[in-house]
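Report on the structure given below.
Protein chains: 2
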Amino acid sequence: MPEAGVQQAKSQRARKAICEAAIDSLVDVGYAETSLNRVATTAGFSKGALQHHFPGKEDLVAATVDELLARTFRPRSERDRSTDVEQELLRAWNRFINTPAYRALMEILGAARTDKALQKRLSSELVAWGRRLDQQTRDHYEAVSGDEEEVVMLLNMTRSFMRGLLTQERYGVSREETARYVRKWVELVAPLLRLKG
Amino acid sequence: MPEAGVQQAKSQRARKAICEAAIDSLVDVGYAETSLNRVATTAGFSKGALQHHFPGKEDLVAATVDELLARTFRPRSERDRSTDVEQELLRAWNRFINTPAYRALMEILGAARTDKALQKRLSSELVAWGRRLDQQTRDHYEAVSGDEEEVVMLLNMTRSFMRGLLTQERYGVSREETARYVRKWVELVAPLLRLKG
DNA sequence: AAAAAAACCTTCCGGATGGCTTTTTTTAGA
DNA sequence: TCTAAAAAAAGCCATCCGGAAGGTTTTTTT
Numbered sequence: 214m215p216e217a218g219v220q221q222a223k224s225q226r227a228r229k230a231i232c233e234a235a236i237d238s239l240v241d242v243g244y245a246e247t248s249l250n251r252v253a254t255t256a257g258f259s260k261g262a263l264q265h266h267f268p269g270k271e272d273l274v275a276a277t278v279d280e281l282l283a284r285t286f287r288p289r290s291e292r293d294r295s296t297d298v299e300q301e302l303l304r305a306w307n308r309f310i311n312t313p314a315y316r317a318l319m320e321i322l323g324a325a326r327t328d329k330a331l332q333k334r335l336s337s338e339l340v341a342w343g344r345r346l347d348q349q350t351r352d353h354y355e356a357v358s359g360d361e362e363e364v365v366m367l368l369n370m371t372r373s374f375m376r377g378l379l380t381q382e383r384y385g386v387s388r389e390e391t392a393r394y395v396r397k398w399v400e401l402v403a404p405l406l407r408l409k410g
Numbered sequence: 214m215p216e217a218g219v220q221q222a223k224s225q226r227a228r229k230a231i232c233e234a235a236i237d238s239l240v241d242v243g244y245a246e247t248s249l250n251r252v253a254t255t256a257g258f259s260k261g262a263l264q265h266h267f268p269g270k271e272d273l274v275a276a277t278v279d280e281l282l283a284r285t286f287r288p289r290s291e292r293d294r295s296t297d298v299e300q301e302l303l304r305a306w307n308r309f310i311n312t313p314a315y316r317a318l319m320e321i322l323g324a325a326r327t328d329k330a331l332q333k334r335l336s337s338e339l340v341a342w343g344r345r346l347d348q349q350t351r352d353h354y355e356a357v358s359g360d361e362e363e364v365v366m367l368l369n370m371t372r373s374f375m376r377g378l379l380t381q382e383r384y385g386v387s388r389e390e391t392a393r394y395v396r397k398w399v400e401l402v403a404p405l406l407r408l409k410g
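Read top to bottom, the protein sequences are chains S and X.
Quick note on numbering: the first sequence equals residues 214 to 410 in the numbering used here.
Quick note on numbering: the second sequence equals residues 214 to 410 in the numbering used here.
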């Protein structure tokens, strides 16, 4: 982007602010109540302004998913690195899954289940994201058994489990209990994995 | 209301039919699009009739949850019983989690995350359901380690994992792959469990 | 440096649908 | 026949998403 862009920069800032408002709204009131109206208001824009940046609701949602997925790949600082598989998996829960951003993503994915158009719109991006996650796990972990496929499976299973935990926090399971479940899972899975390099 | 029997039965049938329409709608178009209008139409009633049976949407949803939870406890026929832990867990996936009914339930629970009123309305029932599930697992399984607490944890973790699987089917994970994940988990957890009796 | 074009934003309107309430009609038991 | 529940119909109010019209600011062109 060579120089030419005071307005473009402004526009990008606006878009990002709008997406962040959308994320907050998704976390606070869920997908259905996340109306363009609400997003525009909380982002401090008029309805028309939002429409200018995102012609339709689907466009806003897609951009928000972009933003959310980008966040999952934020580089970790060096001292965040642990040498321990268990630590690393617990970190995945605390820093990756059990977060507002992931909840927002779940709201959108939940809506996409029955919104075919949205599903189609998001599909390729989500698939690419999945592949990237798989590659990331291959880079960081190796299986004690030596089977590379197993590594990917175990990590995906871990993510599935954690997603599932996220959905049960509503009915009578305390935070501590949830944490115990996470530890137990890690305890079961960690012995099968090693950190690379 | 003297003799009150014939009409009550009819009323109950109507309520059940409406709940079933609601379940279908939840599966087909999700919670947000499951309007009273839609449910009334697909159930073959007028809007007013539905209104008569369920004064508000929350009442309909609560009744639908009743219906859904009741279904999870349908008695199994004798020949459905397997003597094998792995078989039993796979059955839990196929007959319990990976079903339209469970998806409908997930839709409602997803909506309840941000709908405080609904959440309050459903809370006690869901907690009781959880306890009943725990008791059921205590009755059917025992831990190789002998720790009863561990049995409950492992089964709840299994359910969490399966719930998580349910939510990932949208982005690039095939049915076969999902099935492989289930088998892999069962393989990991089954050695820790025994069937009782 | 002035004019034209594009981007940005605001304010308003329209069709549609949401849940809910009220009123009227139908049904069925006593 | 009479009465009360059940069902249907009609209307109400709010909100949703999309879009049009108009004005201002920035960028590009001349």
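Ideal Cβ positions, reconstructed from N, Cα and C, are used throughout, including at glycine.
Please read these numbers as outputs of a predicted model, since none were measured by experiment.
Between the options, which lies nearest to residue i when the distance is taken from Cα to Cα?
i	options	result
Glu233 of chain S	S:Phe258, S:Ala245 and S:Gln221	S:Phe258
Leu405 of chain X	X:Gly359, X:Lys270, X:Met375 and X:Leu379	X:Gly359
Arg316 of chain S	X:Thr371, X:Lys270 and X:Thr380	X:Thr380
Ala341 of chain X	S:Val386, S:Ser336, S:Val357 and S:Met370	S:Val386
Met366 of chain S	X:Arg396, X:Leu339 and X:Met366	X:Arg396
Lys270 of chain S	S:Glu338, S:Glu361, S:Tyr384 and S:Arg334	S:Arg334
Leu302 of chain X	X:Ala330, X:Trp398 and X:Gly410	X:Trp398
Thr327 of chain X	X:Ser224, X:Tyr244, X:Arg228 and X:Arg393	X:Tyr244
Ala314 of chain S	S:Gly343, S:Arg289, S:Arg284 and S:Thr296	S:Arg284
Glu355 of chain X	X:Ala403, X:Ser238, X:Arg228 and X:Thr312	X:Ala403
Arg226 of chain S	S:Ser336, S:Val242 and S:Glu280	S:Glu280
Gln264 of chain X	X:Ser224, X:Asp297, X:Val240 and X:Asp241	X:Ser224
Arg308 of chain S	S:Arg289, S:Val278, S:Asn250 and S:Thr296	S:Arg289
Gly343 of chain S	X:Glu382, X:Ala325 and X:Leu249	X:Glu382
Arg412 of chain S	S:Thr312, S:Thr296 and S:Trp306	Examination of residue 412 of chain S is not possible in this model, given that chain S is present from 214 through 410 alone.
Val278 of chain S	S:Glu389, S:Arg388 and S:Arg228	S:Arg228
If I'm right that residue i touches residue j with Cβ under 8 Å, what's the distance once you round it to whole angstroms?
i	j	result
Gly261 of chain S	Ser373 of chain X	Between Ser373 of chain X and Gly261 of chain S the Cβ distance is about 44 Å, and since that is not below 8 Å, they are no contact.
Thr391 of chain X	Leu368 of chain X	Not really, about 20 Å apart at Cβ, beyond 8 Å.
Ala235 of chain S	Thr247 of chain S	6 Å
Ala276 of chain S	Phe267 of chain S	6 Å
Lys409 of chain S	Asp352 of chain S	7 Å
Ile310 of chain S	Met375 of chain S	4 Å
Arg407 of chain X	Val357 of chain X	6 Å
If the criterion is Cβ atoms closer than 9 Å, does the pair residue i and residue j meet it?
i	j	result
Leu282 of chain S	Leu318 of chain S	yes
Glu363 of chain X	Gly323 of chain S	no
Glu299 of chain X	Glu400 of chain X	yes
Ser238 of chain X	Tyr384 of chain S	no
Val411 of chain S	Arg251 of chain S	No answer is possible for residue 411 of chain S: the residues shown for chain S start at 214 and end at 410.
Ala167 of chain S	Ala222 of chain S	This structure cannot speak to residue 167 of chain S, because chain S is shown only from 214 to 410.
Quick one: grab the DSSP three-state call for residue i.
i	result
Tyr384 of chain X	coil
Arg407 of chain X	strand
Lys229 of chain X	helix
Ala217 of chain X	Interpretation of Ala217 of chain X is limited by its pLDDT of 44, a score under 50 that renders its predicted location unreliable; the figure taken from the coordinates is listed afterwards. In this structure, Ala217 of chain X counts as coil in the three-state DSSP scheme.
Strictly below 7 Å CB to CB, what residues from chain S border residue i?
i	result
Lys329 of chain X	Under the 7 Å cutoff, chain S gives no residues; its nearest Cβ is about 10 Å from Lys329 of chain X.
Thr312 of chain X	The premise fails here: Thr312 of chain X is roughly 15 Å from chain S at the closest Cβ pair, so nothing lies under 7 Å.
Lys333 of chain X	Those within 7 Å of Lys333 of chain X in chain S number zero; the least Cβ separation is about 11 Å.
Lys397 of chain X	Met366 and Met370
Taking Cβ-Cβ distances shorter than 7 Å, what residues in chain X pair up with residue i?
i	result
Phe374 of chain S	Met370, Ser373, Phe374 and Gly377
Leu401 of chain S	Leu401
Interface residues of chain S around residue i at Cβ under 9 Å?
i	result
Gly257 of chain X	Here the premise fails: no neighbours, minimum Cβ distance about 22 Å.
Ser387 of chain X	Residues of chain S passing the Cβ test: none, with the nearest at roughly 11 Å.
Gln381 of chain X	Leu322, Gly343, Asn369, Arg372, Ser373 and Arg376
Taking Cβ-Cβ distances shorter than 8 Å, what residues in chain X pair up with residue i?
i	result
Ala324 of chain S	Gly243 and Ala245
Val340 of chain S	Tyr384 and Gly385
Tyr394 of chain S	Met366, Asn369, Met370 and Ser373
How would you list, in chain order, the residues of chain S whose beta-carbon sits under 8 Å from the beta-carbon of residue i?
i	result
Lys270 of chain X	The contacting residues do not exist; Lys270 of chain X stays about 12 Å from chain S at best.
Which bits of chain X does residue i rub up against, with CB to CB less than 9 Å?
i	result
Ser358 of chain S	Neighbours of Ser358 of chain S on chain X: none; closest Cβ ~12 Å, over 9 Å.
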